[in-house]
Amino acid sequence: MNKVVNNVEDACKGIESGMTLMLGGFGLCGIPENSIAQLVKMGVKDLTCISNNAGVDDFGLGLLLQGKQIKKMVSSYVGENDEFERQMLSGELEVDLIPQGSLAERCRAGGAGIPAFFTPAGYGTEVAEGKEVREFNGKPHILETALTADFAIVKAWKGDTEGNLVFKATARNFNPMMAMAGKITIAEVEELVPAGELDPNEIHTPGIFVQRIFKGETFEKRIEQRTVRQK
Amino acid sequence: MNKVVNNVEDACKGIESGMTLMLGGFGLCGIPENSIAQLVKMGVKDLTCISNNAGVDDFGLGLLLQGKQIKKMVSSYVGENDEFERQMLSGELEVDLIPQGSLAERCRAGGAGIPAFFTPAGYGTEVAEGKEVREFNGKPHILETALTADFAIVKAWKGDTEGNLVFKATARNFNPMMAMAGKITIAEVEELVPAGELDPNEIHTPGIFVQRIFKGETFEKRIEQRTVRQK
Amino acid sequence: MALDKTGIAKRIAQELQDGWYVNLGIGIPTLVANYIPEDIEVEFQSENGILGMGPFPFEGEEDADLINAGKQTITARPGAVFFDSATSFAMIRGQHVQLTVLGAMEVAQNGDIANWKIPGKMVKGMGGAMDLVASAENIIVAMMHTNKAGESKILKECSLPLTGVGCVKKVVTNLAVLEIKDGQFHLVERAPGVSVEEIIAATEGDLVVPDNVPEMNI
Amino acid sequence: MALDKTGIAKRIAQELQDGWYVNLGIGIPTLVANYIPEDIEVEFQSENGILGMGPFPFEGEEDADLINAGKQTITARPGAVFFDSATSFAMIRGQHVQLTVLGAMEVAQNGDIANWKIPGKMVKGMGGAMDLVASAENIIVAMMHTNKAGESKILKECSLPLTGVGCVKKVVTNLAVLEIKDGQFHLVERAPGVSVEEIIAATEGDLVVPDNVPEMNI
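Chains as they are written, first to last, in the numbering used here: chain L, 81 to 311; chain R, 81 to 311; chain F, 207 to 424; chain W, 207 to 424.
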């Protein structure tokens, strides 16, 4: 069934101030650039954004932070963004820092109908405060709950008209789990092909998890830490 | 790093009577035929076998049942096997029947270091007996625990020397989760290629989950319910 | 006249909505795929790991690696996708599948369903049924109204071990379409030529019968 | 003379064993990849989704879609594989990774580690560190023995918010190799030319010093 929408405007229809969004990507790798630009344009505010990172000052989620569109960030690492740190230390921005593996698993759980699970990560730290502790195999674990979102916005390499997605290299990261956990999931792709062109063995995210798909207009794909060796 | 063993004998070394094994496959689709034949040959007994099904009377795990090598089966559906039903009703065979989705998730949990999780499946049924019940979002869930095995034995379409695996069509089924949950995981493959030949984007089971890999000698790939339509 | 299995499948097919992902159980539910209304598009999920299941293969084109949850050889439609069992039940448990159609031995007026075990006799296992009924928002049970001995399968309470509790909202049988609400069955439609009295006689559970019970339009 | 960062990395590289999968944290740990003993094979996992990480790319061959957990451009070795973050932490939490090397701000003699937060000052987040330290059987901390103010980072108790409890068993610093057991640090090796007295002076936690403390062999 056809999930294609014409453009980023149609893709982001229905996103409103106060909503909870999941945004794929690790650092600036595999982020939904086109949709983020549209969110800036739409000017929606008071967003709760679940995303492993918060972008850099002038790219990625940093753009939403600059416009003070984000009320709360749910992330594992936000160290590349001065504006973030400023807003957080001043108390303007609520922040829920979550161990990266727990964040990934909580998104998957949200998509998979698993309301809660036990993990050893964070036991004995402030992450465990207020959470149930239970021992399994002689080792303490804490109970973590599922995360879901009004909209999940992911970025894929290739997608087909039915919403099936293929990611490239480490741009996969959080995108597949977030695609599962959105009530409505929007996928922006570099290449959009007819149904049947992707090998059904090689699809990373089945189209059942995607409600809207479109070809992104431009992908800057900024590199955060360009590191090379000499020939 | 090279995980290749010469043959099925070397692959199955160390499997002993009384051990817990996971075996991939759904019905007769995607089962590790070569390794099962070797288990028959080895004559190991008192096995606990975790497998979605129990094969048919003369193929798959049915072969181990005929030889009374299995002490306990952990499965979701065993309806295709008369000898199984006979041994179960007579009390010779212990059986733990588990909802299929819980079985899959429990294997994944075992491999992923998640000791327990909540699921709605089985609430209010005999599957829930003795299990903790908790409400989430107004709906009761039961606590299920992770499964692991001394050996997991899986069957893949293609594999490389580092143990990376690719499955074909619905022969994938339980194989990827079981590969994760074995203390030692054995993969038999139809095609064994050098490291680097498989596209790193298209690998289903990363080699880190596989300790031994070999090319199976023969794959009968028996069809359980041949169903066709007329041209 | 009471419906045959094909008739039940045809009636259930009318419940399908455009854009739905649907899981069909073994038996009568499988037949539903043959009667999809022409103006809608649905995708079939089979819990062993395929979305976009197509018709059975032509003779000679069977692939042992491509089966459905009933272990039958199948084909894949363009746009199909294969996945592992954990992902498959993530779809089901996570309520990404809009409709589940499955058979039953017994349905009770509180929505309980029993379809996996006859103690001491049939021990095939529940397969994916417990996950499906515990997860789906929208379950239709497809079954004969009575068993081979002529006893009602539409009950006040299930006598067999349960598959799920309070989960069934609609039942389509050879005699009628029933809805379950407020702890009672509600007669919604009757099979062509079947009288309300016949349905009442074949129903053990409490049945609310409106003044006018339309015939199914098959 | 105290080791530099490269020296610490070289010493840690000696801990690697053939066939291990290894996760290297940001900073000094990343350097360990440059000093793998020639007679062994190890694979590097980066938690953002790659196994079989290769060296940095040549100038002009950077790929924005291929980075490590430090967001640096990298390459993939033959036999590498990419996966999502949930699978990545399944490897880590499920103890499929044999060794984790990471940096720290503080390590305590009970094995506690603090490396993610300075209250009111540094709020970068824990990234994958809490999952790594809570899961790994085998953790080596790579760090300087003292901070910039000259204060010991090898403590009786951590003062900063913890990353994990009781999980560190080995620490390699610019001055020494320390093991943690029975609630104490044990001096195992000293850096070339560094005296036992210097190490004692730089260590706030309880330190067990054997009669003979060999020099590292770098």
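We treat Cβ as the ideally placed atom computed from N, Cα and C, and that holds for glycine.
Compare the C-beta of residue 312 (chain L) against all C-beta atoms of chain R and say whether one is closer than 8 Å.
Outside the shown range of chain L (81 to 311) lies residue 312 (chain L), about which nothing can therefore be said.
Taking the CB atoms as reference points, tell me whether residue 265 (chain L) and residue 259 (chain L) lie closer together than 8 Å.
A contact, by the Cβ cut-off of 8 Å.
My output table needs one value for residue 223 (chain W): the three-state DSSP class, helix, strand or coil.
Residue state, collapsed to three classes: coil.
Which chain L residues are close to residue 292 (chain W), counting only those with a beta carbon under 7 Å from its beta carbon?
Those within 7 Å of residue 292 (chain W) in chain L are 184, 185, 188 and 257.
Is the distance from the Cβ of residue 410 (chain F) to the Cβ of residue 360 (chain F) below 8 Å?
For residue 410 (chain F) and residue 360 (chain F), yes; Cβs fall inside 8 Å.
Mind pulling the chain L residues with CB within less than 8 Å of residue 329 (chain W)?
Here the neighbours are 158, 165, 168, 169, 175 and 177.
May I ask which residues mark the beginning and end of the alpha helix (DSSP H) holding residue 284 (chain F)?
It is not in any alpha helix (DSSP H) - residue 284 (chain F) instead sits in the beta strand (DSSP E) that spans 282-288.
In chain order, what residues of the region 296-310 of chain R put their CB closer than 8 Å to some CB of chain F?
Those would be 301, 302, 303, 304, 305, 306, 307, 308, 309 and 310, in chain order.
Using the Cβ count rule (16 or more neighbours within 10 Å means buried), how would you classify residue 264 (chain W)?
Its Cβ having fewer than 16 others within 10 Å, residue 264 (chain W) is exposed.
Ordered along the chain, which non-local residues of its own chain (more than five positions away) have a Cβ less than 7 Å from that of residue 332 (chain F)?
Hits under 7 Å: 322 and 369.
Using C-beta distances below 7 Å, list every residue in its chain close to residue 286 (chain L), excluding the 5 sequence neighbours before and after it, in chain order.
Excluding sequence neighbours, residue 286 (chain L) sits near 244.
Would you say residue 231 (chain F) faces chain R, with C-beta separation under 8 Å as the test?
Answer no: the Cβ-Cβ gap between residue 231 (chain F) and chain R never drops below 8 Å.
Listed in chain order, which residues of the region 231-249 of chain L have Cβ atoms closer than 9 Å to some Cβ of chain R?
Answer set for the region 231-249 of chain L: 237, 246, 247, 248 and 249.
Can you name, in chain order, every residue of its own chain whose Cβ lies under 7 Å from the Cβ of residue 299 (chain F), other than the five neighbours on each side?
The answer, listed in chain order, is 337 and 341.
Tell me whether residue 353 (chain F) is buried or exposed, calling it buried when 16 or more other Cβ atoms sit within 10 Å of its Cβ.
Exposed, by the Cβ-count rule.
Using 8 Å as the threshold, is the C-beta distance between residue 226 (chain L) and residue 262 (chain L) below it?
Cβ distance not < 8 Å, so residue 226 (chain L) and residue 262 (chain L) don't count as in contact.
Determine, using beta carbons only, whether residue 200 (chain L) and residue 219 (chain L) come nearer to each other than 8 Å.
Yes, Cβ-Cβ distance for residue 200 (chain L) and residue 219 (chain L) is below 8 Å.
What does a CB cutoff of less than 6 Å around residue 383 (chain W) pick up in its chain, not counting 5 residues either side in sequence?
For residue 383 (chain W), where only same-chain residues beyond five positions count, the Cβ hits under 6 Å are 394 and 395.
Rounded to whole angstroms, what's the CA-CA distance from residue 219 (chain W) to residue 178 (chain R)? Just pull it up for me.
Whole-angstrom Cα-Cα distance: 46 Å.
Residue 326 (chain W) versus chain R: which residues are under 7 Å apart at the beta carbon?
None at all; the shortest Cβ gap to chain R is about 33 Å.
For residue 169 (chain R), which of F:408, F:328 and F:294 has the nearest alpha-carbon?
Selected option, being the one with the closest Cα: F:328.
The beta strand (DSSP E) spanning residue 291 (chain F) covers which residue range?
From DSSP, residue 291 (chain F) is part of no beta strand (DSSP E) but of the alpha helix (DSSP H) over 291-299.
Under a three-way DSSP split, which group does residue 356 (chain F) fall into?
Coil at residue 356 (chain F), not helix or strand.
Output, in chain order, the set of chain L residues within a Cβ distance shorter than 9 Å of residue 247 (chain F).
By Cβ distance, chain L contributes 81 and 82.
Which residue marks the beginning of the alpha helix (DSSP H) containing residue 121 (chain L), and which one marks its end?
Per DSSP, residue 121 (chain L) belongs to the alpha helix (DSSP H) from 113-122.
Which residues, in order along the region 260-272 of chain W, keep a beta-carbon less than 9 Å from a beta-carbon of chain L?
Listed by position along the chain: 261, 262, 263, 264, 265, 266, 267, 268, 269, 270, 271 and 272.
Does residue 129 (chain L) get closer than 8 Å to chain W when you measure Cβ to Cβ?
Chain W contact via Cβ: absent.
Judging by CA-CA distance, which residue of F:357, F:224, F:311 and F:231 is the nearest neighbour of residue 407 (chain F)?
Comparing Cα-Cα distances from residue 407 (chain F) to each of F:357, F:224, F:311 and F:231, the minimum goes to F:357.
Excluding the five sequence neighbours on either side, which residues of its own chain have a C-beta within less than 6 Å of the C-beta of residue 318 (chain F), listed in chain order?
These residues qualify, in order along the chain: 364, 368 and 371.
Can you tell me whether residue 213 (chain R) is buried or exposed, with buried defined as 16 or more other CB within 10 angstroms of its CB?
Residue 213 (chain R) comes out exposed.
Quick one: what's got a C-beta closer than 6 Å to residue 173 (chain R)'s C-beta in the same chain, skipping five residues either side?
Excluding positions up to five away in sequence, the list reads 167.
On the three-pair Cβ rule with 8 Å, is the region 302-313 of chain W touching the region 219-232 of chain W?
Because the criterion of three Cβ pairs below 8 Å is met, the region 302-313 of chain W and the region 219-232 of chain W touch.
Hey, is residue 351 (chain W)'s beta-carbon within less than 8 Å of any beta-carbon in chain R?
So no, residue 351 (chain W) is outside the interface.
Strictly by DSSP, which residues pair up with residue 197 (chain L)?
Beta-bridge pairing links residue 197 (chain L) to L:224 and R:197.
With a threshold of 8 Å between beta carbons, is residue 132 (chain R) in contact with chain L?
No, no contact with chain L.
In terms of DSSP beta bridges, what is residue 23 (chain L) paired with?
For residue 23 (chain L) there is no data in the structure shown, the boundaries of chain L being 81 and 311.
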